[in-house]
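Written out below as structure tokens is the structure these notes cover.
Number of protein chains: 2
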Amino acid sequence: MSAGPLPTIHEVARLAGVSVATVSKTLNRSGKVSEVLQERVNAAAQKLGYAPHASARSLRSGATRILGLLVADLANPYFLRLVENIERLSSAAGYSVILCNSAEDPAREERHLAMLLSQRADGAIVIPTRRGWNGRLAALSSLPMPGILVDRRIEGLDLDSVTTDNVALGRLAAEHLGDLGHRRVGVIMGSPEHQIARHRLDGFRTGFAERGVTLDERLIEKNNFSEMAGHAATLRLLSRSDRPTAIFATNNHLALGLLRAVGERGLSIPDELSVIAVDELPWAGLVRPGLTVVTQPSEAIAETTVSTLLKRISEGRSGMNEDDGERSIQLQPALVVRGSTAAIREQP
Amino acid sequence: MSAGPLPTIHEVARLAGVSVATVSKTLNRSGKVSEVLQERVNAAAQKLGYAPHASARSLRSGATRILGLLVADLANPYFLRLVENIERLSSAAGYSVILCNSAEDPAREERHLAMLLSQRADGAIVIPTRRGWNGRLAALSSLPMPGILVDRRIEGLDLDSVTTDNVALGRLAAEHLGDLGHRRVGVIMGSPEHQIARHRLDGFRTGFAERGVTLDERLIEKNNFSEMAGHAATLRLLSRSDRPTAIFATNNHLALGLLRAVGERGLSIPDELSVIAVDELPWAGLVRPGLTVVTQPSEAIAETTVSTLLKRISEGRSGMNEDDGERSIQLQPALVVRGSTAAIREQP
DNA sequence: CTTACTACAAAAAACGTTTAACATAAGAAA
DNA sequence: TTTCTTATGTTAAACGTTTTTTGTAGTAAG
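Residue numbers (my numbering), protein chains in the order written: chain A, 1 to 348; chain B, 1001 to 1348.
Structure (structure tokens):
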């Protein structure tokens, strides 16, 4: 390692016997350069192992070809799939990705944002932390680079966003359970002040309302999004005399806690309890029985996010109409039926 | 968004009524600046929302404070945990991380490496792809920046590396199964031309040899590391007349395939078959029974990797003794016993 | 009253690119 | 021959920092 300093464009120019401008134009395929000189330049660059200095290039040209990817929680497998897809697409489009994990900590998020600003990233893809952006709302929207929110939308912020249609997601879950005959159903969710939780519940409620069923509010557990909360909430629901016949776990941490609690109680799924969760989890098909889920369209979200952001970036560069308004895109979830949900059995 | 161009150091200097040199020295706490000017400068910077232009800084100073993180396969949950920890530690040390996923594709790996070179990352953390680096061996070692290999070591390459002690890992698995009385055991592994697989098998073999047991070579399935291969290999092992009483799955993809196959055959774990796998998987405690595993010390590996690389970087900067030789660090695995392994029952 | 030193601050020179402005030669039109 | 084009190259000026060099007071020593 450390094979001495790298060659500059000047050394390539000297070896090829041309000016630096010619080298630059050749390597960037910009401007006119004769065939013969092009070959000399390419040969020289090849021979020296020339790699253009990105910092110098950015300084002069104003573009870094770097995208910031600021994730609220890398431990969340759903976000991870998003990261994977976004990296792939960005890379294919010639952009490098700086990965930042805020771990649901607004302070970390803010530091990372400042860093991306200093780094002069061409754009930022942000899955914002759940709490704490109330005060930093301005910071995000006044970001002097194109930014796009993923998965979690922030109301009143004129930023593009790509999210799942969470109302549709809730309704999908409700329709499935309803079709199976369930009427007394529990919901385990995070705090209703979070838009996502609220939307999913709204959709779920609507789905049942459409078939004339009103949800029992006492079976709706509103806490936070942790596995522990899911565990506790499940135990509470299961120890009721009017135990629900099905439970909807509105995110994957909660689903983990739920499964643990059900296992501890020794209940049989789906005979004694139907379970439906959210997100395609790596192990969803592995547990016995396989977990029925409503999934968010992870690949589509990644694609839409990257292409929308890149469009914004090129618009900004060409100085086109900046204010064609905020793009707020919602994509549709899907139902994946496995073994954890079944038709209700008449109670003896 | 797009709140116009960002202020430069010149504008800060003008507002504060000082020279740019004074601003630079104040903001970097280098050189002597009087109290009163410092305050004026800080106030001006604050007011303008000044964020130093990283490219300009790098161009002049030669350091980017960027680390490249090149991962062989982001879909691997073990690597993901590594990524998470490495990002956290790097960020805490003031470095940004450019994330690259080569998805086990040497071509992508090579492109990413070239990009990191152009980007002039201060260092590179590489989990190399399994195949294909034979020819690119030189490319990696002649990288003009400090680099460090993680998880997968490449022989004959004078690069630092941090890996699990895979021989110890294999032995740990063997000792556990041996203690439980198992003698006829199967192994599902990838191609033995891969060092990791080989080491794990060696350790496993040694562990049994130490208690006077020789492994039946026909029960050692050598294929590749995919889930499908694990599935097929398991089916083969289970349909033998002299079926093994325990199986060691040497990586997590293989373990997935194994569990699927066992489930299909309707065998009961651990009554009819003990299973031990590698790596702490997010769902290891969730399947019934919980999966017994030998885990790699993910946090320790991340810590050692980052600190070793940062040391190399600062050595390089201060021009210290470059050639104090290659650091090849091996960290110890641990056994986590859950329900998937049990003492052998005498066959009727 | 010089001279020497100290403590700051300012001026200017890089760093490696891209690109706008300028040169030069060859051929075409006059 | 002279003058315009055209086609291709080169020169030089940015880009925003850091850092070395130079400058200027003010104070202490002679």
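Beta carbons are placed, not taken as given, at the ideal position from N, Cα and C, and that holds for glycine. Predicted model, so just to flag it, every value in this text is computed and none were measured.
### Query
If you draw a straight line from the alpha carbon of R317 (chain A) to that of N251 (chain A), how long is it in whole angstroms?
As a first step, residue 317 (chain A) is located in the first sequence; it is residue number 317 there, counting from the start. As a first step, residue 251 (chain A) is located in the first sequence; it is residue number 251 there, counting from the start. Roughly 39 Å separates the two Cα atoms.
### Task
Mind listing the chain A neighbours of Q1119 (chain B)? Cutoff is C-beta to C-beta under 7 Å, in chain order.
Here the question's residue 1119 (chain B) lines up with position 119 in the second sequence. Here the neighbours are A54, S96.
### In chain order, each beta strand (DSSP E) run of at least 3 residues that lies wholly inside the region 191-228 of chain A
220-222
### Task
Compute the beta-carbon to beta-carbon distance between L6 (chain A) and A45 (chain A), rounded to the nearest angstrom, for a pair I have assumed lies under 8 Å.
Residue mapping note: residue 6 (chain A) aligns to position 6 of the first sequence, counting from 1. Residue mapping note: residue 45 (chain A) aligns to position 45 of the first sequence, counting from 1. Not really, about 12 Å apart at Cβ, beyond 8 Å.
### Task
Flag this pair as yes or no: are the beta carbons of L1201 (chain B) and M1189 (chain B) separated by less than 7 Å?
By 1-based counting over the second sequence, the position of residue 1201 (chain B) is 201. By 1-based counting over the second sequence, the position of residue 1189 (chain B) is 189. Contact flag set, yes.
### Task
Express the C-alpha separation of L1116 (chain B) and E1210 (chain B) in angstroms, rounding to a whole number.
Residue 1210 (chain B) sits at position 210 when you count from the first residue of the second sequence. Residue 1116 (chain B) sits at position 116 when you count from the first residue of the second sequence. Distance between the alpha carbons of E1210 (chain B) and L1116 (chain B): 47 Å.
### Query
Among B:S1034, B:L1048, B:S1030, B:V1036, which residue has its Cα nearest to the Cα of H1010 (chain B)?
In the second sequence, residue 1010 (chain B) corresponds to position 10, counting from 1. Comparing Cα-Cα distances from H1010 (chain B) to each of B:S1034, B:L1048, B:S1030, B:V1036, the minimum goes to B:L1048.
#### Entry: L1082 (chain B) - containing alpha helix (DSSP H), residue span
By one-based count along the second sequence, residue 1082 (chain B) stands at place 82. Taken as a continuous stretch (DSSP letters only), the alpha helix (DSSP H) holding L1082 (chain B) covers 1077-1092.
### Query
Whose C-alpha, out of B:T1341, B:A1233, B:E1175, is nearest the C-alpha of G1290 (chain B)?
The residue you call residue 1290 (chain B) lines up with position 290 of the second sequence. Answer by Cα proximity: B:T1341.
### Task
Pull up the CB-CB distance for R1236 (chain B) and E1217 (chain B), whole angstroms please, since I reckon it's below 8 Å.
Counted from its first residue, the second sequence places residue 1236 (chain B) at position 236. Counted from its first residue, the second sequence places residue 1217 (chain B) at position 217. Contact flag wrong, Cβ pair sits at about 14 Å.
### Message
Taking CB distances under 7 Å as the criterion, tell me whether S1058 (chain B) reaches chain A.
### Response
Sequence index remark: in the second sequence, residue 1058 (chain B) carries index 58 (1-based). For S1058 (chain B), the answer is yes, since a Cβ of chain A falls inside 7 Å of its Cβ.
### Query
Looking only at C-alpha atoms, which of B:A1013, B:A1174, B:I1148, B:R1130 sits nearest to V1306 (chain B)?
In the second sequence, counting from the first residue as 1, residue 1306 (chain B) sits at position 306. Comparing Cα-Cα distances from V1306 (chain B) to each of B:A1013, B:A1174, B:I1148, B:R1130, the minimum goes to B:I1148.
### Message
Determine, for E1104 (chain B), whether the minimum Cβ-Cβ distance to residues of chain A falls below 7 Å.
### Response
Taking the second sequence and counting its residues from 1, the one referred to as residue 1104 (chain B) is at position 104. Chain A contact via Cβ: absent.
### Query
Under the DSSP definition of a beta bridge, which residues are partnered with V1187 (chain B)?
Position 187 of the second sequence, counting from 1, holds the residue named residue 1187 (chain B). Answer is B:I1220, B:F1248.
#### Entry: Where the alpha helix (DSSP H) containing Q38 (chain A) begins and where it ends
Residue numbering aside, residue 38 (chain A) sits at position 38 when the first sequence is read from its first letter. Residues 35-48.
### Task
Evaluate the contact criterion for the region 279-299 of chain A versus the region 72-83 of chain A: three or more CB pairs, one atom per stretch, below 8 Å.
yes
### Task
May I ask you to list the residues that DSSP assigns as paired with Q945 (chain B)?
Since the displayed chain B opens at 1001 and closes at 1348, residue 945 (chain B) lies outside it and no answer follows.
### Query
Hey, how far is the Cα of S1002 (chain B) from the Cα of D160 (chain A)?
The residue given as residue 1002 (chain B) occupies position 2 in the second sequence. The residue given as residue 160 (chain A) occupies position 160 in the first sequence. With a pLDDT of 45 at S1002 (chain B), under the threshold of 50, the modelled position of that residue is not reliable, and no figure is offered here.
### Query
Can we count Q195 (chain A) as close to the ligand HEM, meaning its CB is less than 6 Å from some heavy atom?
Absent from the structure shown: the ligand HEM. Ligands present: none.
### Task
Within 10 angstroms of the Cβ of V33 (chain A), are there 16 or more other Cβ atoms? Answer buried if so, exposed if not.
Within the first sequence, residue 33 (chain A) is the residue found at index 33, counting from 1. Answer is buried; the Cβ neighbour count reaches 16.
#### Entry: Residue range of the beta strand (DSSP E) that includes A1124 (chain B)
Here residue 1124 (chain B) refers to the residue found at position 124 when the second sequence is read from its first residue. Residues 1123-1126.
### Query
With distances taken from CA atoms, which of A:G186, A:F248, A:T206 is nearest S239 (chain A)?
Working through the first sequence from its first residue, we reach residue 239 (chain A) at position 239. Of the listed residues, the one whose Cα sits closest to S239 (chain A) is A:G186.
### Message
Is there a Cβ of chain A sitting closer than 7 Å to that of V941 (chain B), yes or no?
### Response
Residue 941 (chain B) is absent from the structure shown; chain B starts at 1001 and stops at 1348.
### Task
Would you check if the distance between the CB atom of Q1296 (chain B) and the CB atom of T1206 (chain B) is smaller than 7 Å?
As a position in the second sequence, residue 1296 (chain B) is number 296, starting the count at 1. As a position in the second sequence, residue 1206 (chain B) is number 206, starting the count at 1. It is not a contact, given that the beta carbons lie outside the stated cut-off.
### Query
Which residues of chain A have a Cβ atom closer than 8 Å to the Cβ of P1333 (chain B), listed in chain order?
Start at 1 with the first residue of the second sequence, and residue 1333 (chain B) comes out as number 333. Result: empty, since nearest Cβ-Cβ is about 22 Å, beyond 8 Å.
#### Entry: Presumed contact (8 Å Cβ cut-off) between T245 (chain A) and R184 (chain A), rounded CB distance
Position 245 of the first sequence, counted from the first residue, corresponds to residue 245 (chain A). Position 184 of the first sequence, counted from the first residue, corresponds to residue 184 (chain A). Indeed, because the Cβ distance is near 6 Å, the residues count as touching under 8 Å.
### Query
For L99 (chain A), which residues of its own chain have a beta-carbon under 6 Å away from its beta-carbon, when the five flanking residues on both sides are left out?
Counting from one through the first sequence, the residue named residue 99 (chain A) turns up at place 99. Excluding sequence neighbours, L99 (chain A) sits near L69.
### Query
Is I9 (chain A) helix, strand or coil when you go by DSSP?
On the first sequence, position 9 is the one that residue 9 (chain A) refers to. Note: I9 (chain A) maps to helix in three-state DSSP.
### Message
Classify V41 (chain A): buried if its beta carbon has 16 or more other beta carbons within 10 angstroms, exposed otherwise.
### Response
The residue labelled residue 41 (chain A) in the question sits at position 41 within the first sequence. With 16 or more Cβ atoms within 10 Å of its Cβ, V41 (chain A) is classed as buried.
### Query
Based on the DSSP output, what are the partners of L99 (chain A) in its beta bridges?
Along the first sequence, one-based indexing puts residue 99 (chain A) at 99. In the DSSP output, where bridge partners are listed per residue, L99 (chain A) has A:L69.
### Task
Take L83 (chain A) as the anchor and find which of B:S1091, B:A1092, B:L1089, B:D1073 has the nearest alpha-carbon.
What you label residue 83 (chain A) is simply residue 83 of the first sequence in a count that begins at 1. What sits at residue 83 (chain A) in the sequence shown is Val, not Leu. Among B:S1091, B:A1092, B:L1089, B:D1073, the Cα nearest to that of V83 (chain A) belongs to B:D1073.
### Task
Use the C-beta contact count for V1337 (chain B): other C-beta atoms within 10 angstroms, 16 or more gives buried, fewer gives exposed.
Numbered from 1 along the second sequence, position 337 holds the residue referred to as residue 1337 (chain B). The residue in question, V1337 (chain B), is exposed, as its Cβ has fewer than 16 Cβ neighbours within 10 Å.
### Query
Around the Cβ of P1348 (chain B), are there at least 16 other Cβ atoms within 10 angstroms (buried) or fewer (exposed)?
Reading the second sequence from its first residue, position 348 is the one you call residue 1348 (chain B). Because the pLDDT of P1348 (chain B) is 39, which lies under 50, any placement of that residue in the model is unreliable, and the question is left without a value.
### Query
Can you give the beta carbon distance from T64 (chain A) to A114 (chain A), rounded, assuming they're within the 8 Å contact cut?
The residue you call residue 64 (chain A) lines up with position 64 of the first sequence. The residue you call residue 114 (chain A) lines up with position 114 of the first sequence. With a Cβ gap of about 16 Å, T64 (chain A) and A114 (chain A) do not count as contacting.
#### Entry: Segment limits, beta strand (DSSP E) that includes P1277 (chain B)
Along the second sequence, one-based indexing puts residue 1277 (chain B) at 277. Before going further, note that residue 1277 (chain B) is Ala rather than Pro in the sequence given. Its beta strand (DSSP E) spans residues 1274-1278.
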